[in-house]
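A.B. asks:
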Amino acid sequence: MRLLITTLFCLLISAAALQAQSVVTVSSNITTNTTWTSNNIYLLSGPSFIYVTNNATLTIEAGTLIKGDPSALIITRGAKIIADGTKTRPIVFTSNQPAGQRGAGDWGGLALLGRAPINAPGGESTLEGGLDPDLGKYGGGNNPDPNDNSGVLRYVRIEFAGIAFQPNNEINSLTMGGVGAGTVIEHVQTSFGGDDALEWFGGNVNGKFLIAYKTVDDMFDTDFGYQGKNQFVLGISDPNVADISGSNGFESDNDGTGTTNTPLTDPKFVNLSIFGPLQTPNTTINSNYRRGAHLRRSTSHDIFNSVIVGFPTALRLESSNSVNAFLNGDLDLSANIWSGAIDSTTTTYQDVLTQLNASNNTVVSGPADLLVANPYTTSNPDFRPQAGSPLLSGADAGIYSDPFYTSVTYRGAFGPNSDWDKCWTEWDPENADYSTAPVDYVAAYSAFTSQVNNNIVTFAAPAGAGLTYAWDFGDFNTSTQANPEHVYQALGTYNVSLLITTPRGCSKTITGTVTITSGTPEIAVNGDITTNTTWTSNNIYRLTGAACIYVRNNSTLTIQPGTIIKGDPSALVITRGSKIIADGTAEQPIVFTSAQPAGQRAAGDWGGLIILGNAPINTPGGQSVVEGGCDPTLAAYGGANAADNSGILRYVRVEFAGIAFQPNNELNSFTFGGVGSGTVIEHVQSSFGGDDALEWFGGTVNGKWMIAYKTVDDMFDTDFGYQGKKPVCTGYQRSQRGRHLGL
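For any residue, its number in my numbering is found by taking its place in the sequence shown, counting from 1, and adding 26.
(1) Taking the C-alpha atoms as reference points, what is the distance between residue 592 and residue 649?
(2) Going by DSSP, which residues form a beta bridge with residue 225?
(3) Rounded to a whole number of angstroms, what is the C-alpha to C-alpha distance between residue 588 and residue 491?
(4) Based on Cα-Cα distance, which residue from 182, 353 and 310 lies nearest to residue 375?
(5) Out of 203, 218 and 179, which one is the CA nearest neighbour of residue 188?
(6) Residue 427 by DSSP, collapsed to three states: which one?
(7) Would you call residue 270 buried or exposed, if buried means 16 or more other Cβ atoms sit within 10 Å of its Cβ?
(8) State the start and end residues of the unbroken beta strand (DSSP E) segment that holds residue 321.
(9) DSSP three-state label for residue 546, please.
(10) Could you give the distance in angstroms between the alpha-carbon of residue 144 and the alpha-carbon of residue 292?
(11) Excluding sequence positions up to five away, which residues of its chain have a Cβ less than 6 Å from the Cβ of residue 371?
(12) So the alpha helix (DSSP H) residue 346 belongs to, where does it begin and stop?
(13) In whole angstroms, give me the CA-to-CA distance for residue 574 and residue 629.
(14) Between the Cα of residue 165 and the Cα atoms of 112, 131 and 104, which residue gives the shortest distance?
(15) Just the Cα atoms here: how many angstroms apart are residue 452 and residue 397?
(16) What distance in whole Å lies between the Cβ atoms of residue 296 and residue 335, which are believed to be in contact at a cut-off of 8 Å?
(17) Go ahead and pull the three-state DSSP assignment for residue 634.
(18) Taking the alpha carbon of residue 55 as the reference point, which residue from 99, 89, 90 and 85 has its own alpha carbon closest?
(19) Quick one, are the C-beta atoms of residue 699 and residue 663 less than 8 Å apart?
(20) Closer than 8 Å is the cut-off here; do at least three beta carbon pairs connect the segment 231-245 with the segment 471-482?
(21) Can we say the segment 474-487 touches the segment 511-520, given the rule of at least three CB pairs closer than 8 Å?
(22) With residue 521 as the anchor, note down where its beta strand (DSSP E) starts and where it stops.
(23) Going by CA-CA distance only, name the one from 403, 705, 696 and 722 that's closest to residue 713.
(24) Fully enclosed by the segment 62-97, which beta strand (DSSP E) runs are 3 residues long or longer?
(25) Check whether the Cβ atoms of residue 525 and residue 537 sit closer than 8 Å, and answer yes or no.
(26) Please report the distance separating the alpha-carbon of residue 505 from that of residue 410.
(27) The beta strand (DSSP E) spanning residue 554 covers which residue range?
(28) Note down the Cα distance separating residue 668 from residue 678, rounded to an integer number of angstroms.
(29) Helix, strand or coil for residue 110 per DSSP?
(30) How big is the Cα-Cα spacing for residue 198 and residue 80?
(31) Under the assumption that residue 106 contacts residue 175 (Cβ atoms under 8 Å), give the Cβ distance between them as a whole number of angstroms.
(32) If you measure from the beta carbon of residue 274 to each beta carbon in chain D, is any gap under 8 Å?
(33) Are the Cβ atoms of residue 672 and residue 632 separated by less than 8 Å?
(34) Taking residue 774 as the reference, which of 155, 151 and 180 has the closest Cα?
(35) Residues in the same chain with beta-carbon distance under 6 Å from residue 718, minus the five sequence neighbours each way, listed in chain order, please.
(36) Can you tell me where the beta strand (DSSP E) with residue 207 in it begins and where it stops?
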């Protein structure tokens with residue numbers, strides 16, 4: 027605990043320009059409803075304390091930046107603060123010093139005073155430090171209101187607060203005096219406080235998602251009958267900085283002299299993680315560090331399903347009243363993990379150890395035993411327990427019967443998938459850029475662009491270091507590329523969304539529309555063809571998904587003249603017993619080609635066309651599996667029917683095929699495995715193949731008017747007993763690309 031003092035001044039608000047940023051100086055009390063807007067920076071400057079009085083409400087917009095220089099801000103009884111930030115636009119109270127020169131105690135801090143019960147005689151008190159005896163009062167007196175409402179603090183940071191306006195009389199970062207349960211305290215981070223990070227003087231206010239980061243004195247201080255509930259609470263120490271009074275994770279008293287005045291200090295902290303200064307057993311720390319939890323002076327402070335590690339002493343129970351409260355169950359310490367010594371000031375020390383064991387408490391050697399990912403770094407820390415962590419089990423489920431608490435199965439403030447600290451927090455406030463307002467971590471990502479070419483749309487996302495992208499094109503297709511190209515299958519207007527995630531964990535969804543008024547619809551083919559199917563020339567077909575897409579079950583795939591098929595990157599395989607009827611014309615050839623845009627196509631962009639039949643081959647057993655990595659059953663070929671019919675290829679082009687789905691195991695542009703003479707192969711062209719242009723593995727199929735154009739490997743390859751006729755073949759090979767000469 028520290029003392030607070032102030033003097034009272036009148037209201038003066040003035041505006042000035044500083045490097046094109048509007049700075050509003052607040053140097054006196056706020057007595058009427060007032061709104062601070064995010065386009066300004068507010069400077070608390072003048073008296074030691076600036077009060078919100080007269081039942082006024084101070085509303086602070088999300089993203090607003092407030093700098094203390096050095097005044098504290100006090101919300102008096104009956105007044106309210108509505109500081110309702112967001113994950114991407116937190117409200118920041120910070121130092122007025124420039125980056126690199128900020129330090130603990132640069133300014134006063136934030137205090138909320140309410141009318142909830144406290145255990146001081148008469149039910150009210152004046153906040154320590156010499157505040158105005160009327161404006162500084164807290165507690166409800168003879169008519170306290172446990173549900174008193176002092177407003178909202180949500181997604182709020184308080185940095186470098188806790189100045190000593192008098193010697194040894196610092197202020198806390200966030201002080202709550204007699205604050206009621208009608209007040210909302212959620213997602214609040216205090217950093218580099220000059221005294222305690224968060225202190226509760228009585229009251230009933232609850233809280234969730236609270237962080238005490240590198241404060242000088244105690245992280246969490248409860249006294250004067252505080253009885254609120256708090257869940258998901260994180261504390262992190264700076265090993266080099268501690269207070270001469272002794273710095274703890276928790277310090278809790280019923281009151282300053284240890285009376286049993288009611289209400290008793292009896293808060294509940296659930297799912298707490300405190301990482302003390304001893305990062306390792308060999309870490310050099312400030313000698314003023316004391317205890318993870320110092321529970322004393324008749325407190326009945328409860329801690330459930332939590333972890334407190336890294337302090338020289340894990341737990342000190344001090345005073346017979348607090349020890350007895352623990353032994354009889356009024357002070358509950360259940361299912362917690364500790365590191366350091368267990369200390370008690372009474373002769374019942376062994377009973378304390380027995381009760382701790384019976385309450386499922388365990389002691390580990392230090393933070394490393396927790397298997398927490400990376401809790402101490404200032405660069406994107408990670409507080410999630412990893413596989414095998416003791417935090418992942420052992421929680422006491424009984425506490426979660428209270429509907430205030432979120433039921434979880436882990437101990438500590440974070441589970442394996444928790445990310446409640448992402449985006450809105452700041453782990454390096456000493457160097458953060460606070461020169462302009464508002465604080466908005468995704469403002470730069472306002473829109474994406476799209477360029478429509480018929481039914482092909484090229485999208486471009488906002489650029490930034492370390493961004494990740496998740497597109498939804500509005501037609502059940504998605505992409506994680508920054509600048510994807512998408513082909514729409516039908517005309518119409520599509521609602522497109524882009525989710526951008528930044529390295530600090532902020533996310534923003536950008537929406538827009540694209541309208542397709544022309545172009546050939548494109549149909550994705552990403553599964554096998556198992557029934558008779560016709561591909562029509564008014565569509566483009568894209569082979570996508572699996573490495574090999576099969577026509578099977580004795581089905582026939584009929585492809586109309588003029589149809590375009592794009593490999594992306596799948597191969598098309600006509601299995602034994604099935605047929606392809608690709609019967610184009612000289613004016614309307616059927617084209618199998620790359621899915622890449624013009625100018626970016628290359629050999630090996632996709633798999634190729636594979637036809638498998640039941641004609642004889644010369645391998646042992648009379649059958650084999652086509653090379654290239656396709657399914658060993660569906661890719662089998664060979665049989666005893668020399669006149670087998672696998673369909674028709676007439677006026678067909680296969681371009682940019684021959685991808686290697688397995689290392690050194692490319693597919694060809696055209697592959698014929700055991701294809702019989704009942705099959706028609708006429709007027710076919712292979713271009714820019716990634717391996718052979720046309721290869722026959724056995725079989726008896728004949729062919730006429732065949733072209734191999736600029737393939738990488740062989741033009742024409744025959745093996746495994748192929749016996750067909752090829753009266754007219756033409757090959758053209760570029761020597762610098764090829765590996766072998768053509769047939």
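Every residue gets a Cβ at the ideal spot worked out from N, C-alpha and C, and that includes glycine.
C.D. replies: Let's see:
(1) A direct Cα-to-Cα measurement between residue 592 and residue 649 gives close to 30 Å.
(2) According to DSSP, residue 225 bridges with 201 and 247.
(3) Cα to Cα, residue 588 sits roughly 45 Å from residue 491.
(4) Per the Cα distances, 353.
(5) The closest CA to that of residue 188, considering only 203, 218 and 179, is found on 218.
(6) Residue state, collapsed to three classes: helix.
(7) That one is exposed.
(8) Following the DSSP letters along the chain, one finds residue 321 inside the beta strand (DSSP E) bounded by residues 317-321.
(9) Under the three-state reduction of DSSP output, residue 546 falls in the coil class, being neither helix nor strand.
(10) Residue 144 and residue 292: Cα-Cα distance of roughly 12 Å.
(11) Closer than 6 Å at Cβ, skipping near neighbours: 344.
(12) Unbroken alpha helix (DSSP H) run through residue 346: 346-353.
(13) Going from the Cα of residue 574 to the Cα of residue 629 covers about 18 Å.
(14) Among 112, 131 and 104, the Cα nearest to that of residue 165 belongs to 104.
(15) Their backbone Cα atoms lie some 23 Å apart in a straight line.
(16) Actually they are not in contact, since the Cβ atoms of residue 335 and residue 296 sit about 17 Å apart, beyond 8 Å.
(17) Residue state, collapsed to three classes: strand.
(18) Comparing Cα positions, the closest option is 99.
(19) Yes, they are a contact pair.
(20) Verdict: no, contact absent.
(21) Touching, yes, given that three or more Cβ pairs across the two stretches are closer than 8 Å.
(22) Annotation for residue 521: the continuous beta strand (DSSP E) segment containing it runs 518-527.
(23) The option with the nearest alpha carbon to residue 713 is 696.
(24) Correct list: 66-70, 75-78, 83-86 and 91-94.
(25) Their beta carbons are not under 8 Å apart, which means residue 525 does not touch residue 537 by this criterion.
(26) Rounded to the nearest angstrom, the two C-alpha atoms are 28 Å apart.
(27) Per DSSP, residue 554 lies in no beta strand (DSSP E) and is assigned neither H nor E.
(28) Approximately 24 Å, taken between the alpha carbons.
(29) If DSSP states are grouped into helix, strand and coil, residue 110 belongs with the strands.
(30) C-alpha of residue 198 to C-alpha of residue 80: approximately 24 Å in a straight line.
(31) About 7 Å separates the two Cβ atoms, so the contact holds.
(32) The structure shown has no chain D; it contains just one protein chain.
(33) Judged by their CB atoms, residue 672 and residue 632 are not nearer to each other than the 8 Å cut-off.
(34) Because the chain here runs from 27 to 769, residue 774 falls outside it and cannot be looked at.
(35) The answer, listed in chain order, is 694, 739, 740 and 743.
(36) Residue 207 -> no beta strand (DSSP E), and no H or E assigned at all.
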